[in-house]
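J.:
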Amino acid sequence: MSTLKIVYFAWVRERVGKAEEEVVPPDSVKTVADLIGWLGERGEEYAHAFEHPKSIRAAIDKSHVQPGTSIAGAREIAFFPPMTGG
Amino acid sequence: MKTTVRLQREAFDPAAEAAALTQGRTDIGALVSFTGICRGAESGEPIAALTLEHYPGMAEAEISRHVEEATSRWPLMGVTVIHRHGRIEPGENIVLVITASSHREAAFAAAEFLMDFLKTRAPFWKQVEAPNGTTWIEAKGADDAAAARWQTPPGQKAAE
């Protein structure tokens, strides 16, 4: 797995404590849900941010994706709460 | 077909945007303009302001995707979507959707469609600034339901 840029928004960003970072997940991390699980084990702040995976939305390269979506070939993955614009 | 999608911190003028969309044209017979405005209270509690966070790049792309979908569903002659980000005080405009068509049905439907998708799919998040601190607004199930009713394209039966 190559380097992946992760970006966070709204309360996910506040809980993680950073707006973006670069990570190198192990090869066992194949889907968005796998990545959420792996990130959630990186420390207390991550565990807090990802404690309710159903409340987390994700985008790969600026398009919405589902938890089961493969992250193969992704350059940028974003995690954020359900949207509240408009 | 004239489409404008803009994200900006600055205030906008709905009347000027509507005029720009119809200027010099005599084929437009219907123009619907929706403006979303910052309320001075949230759940009964007064607020000082809203701060809108967005995902640069994706917000524009997501809005443009839905504008394209609207133009493929209805015979539109013009669409303008403007969404502000940053700090917005009560009484200030947040979002503008204008749709133009030769008849009202398409303009009304497309404006509602675009607003329903802006609420649930465009990557924006509202934070409330109140006297006792800041909180993030929670997504509403009613907004998801409003967006879901567009899942079946007009004239087609829903999948069983």
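For the protein sequence lines, the chains are Y and D, in the order given.
Heads up: the first sequence begins at 1 in the numbering used here, then just goes up one per residue.
Heads up: the second sequence begins at 1001 in the numbering used here, then just goes up one per residue.
Positions of the beta carbon are idealized from the N, C-alpha and C atoms, including for glycine.
1. Listed from N- to C-terminal order along the chain, which residues in the region 1116–1127 of chain D have their beta-carbon within a distance smaller than 7 Å of any beta-carbon of chain Y?
2. Between Y:6, Y:15, Y:24, which has its C-alpha nearest residue 46 of chain Y's C-alpha?
3. I'd like the list of long-range same chain contacts for residue 1027 of chain D, defined as Cβ closer than 8 Å, with 5 residues on each side in sequence excluded.
4. Taking Cβ to Cβ, would you say residue 1030 of chain D is nearer than 7 Å to residue 1104 of chain D?
5. If distances are taken between C-alpha atoms only, which option among D:1013, D:1111, D:1094 comes closest to residue 1039 of chain D?
6. Since residue 1002 of chain D is in the beta strand (DSSP E), which residue starts that stretch and which ends it?
7. Evaluate residue 83 of chain Y with the Cβ neighbour count: other Cβ atoms within 10 Å of its Cβ, from every protein chain shown; 16 or more gives buried, anything less gives exposed.
8. Around the C-beta of residue 1157 of chain D, are 16 or more other C-beta atoms found within 10 angstroms, so that it is buried, or is it exposed?
9. Would you be able to state if there are at least three C-beta pairs under 8 Å between the region 1135–1143 of chain D and the region 63–76 of chain Y?
10. Would you call the CB atoms of residue 1061 of chain D and residue 5 of chain Y closer than 7 Å?
11. List the residues that DSSP assigns as beta-bridge partners of residue 70 of chain Y.
12. Check distances from the C-beta atoms of the region 61–72 of chain Y to those of chain D and list, in chain order, the residues that come in under 8 Å.
13. May I ask you to list, following chain order, the residues of the region 1048–1059 of chain D that have a beta carbon less than 9 Å from some beta carbon of chain Y?
T.: A quick look at the data gives this:
1. 1118, 1119, 1120, 1121, 1122, 1123, 1124, 1125, 1126
2. Y:15
3. 1077, 1102
4. yes
5. D:1094
6. 1002–1008
7. buried
8. Because the pLDDT of residue 1157 of chain D is 46, which lies under 50, any placement of that residue in the model is unreliable, and the question is left without a value.
9. no
10. no
11. Y:31
12. 62, 63, 64
13. 1052, 1053, 1054, 1055, 1057, 1058, 1059
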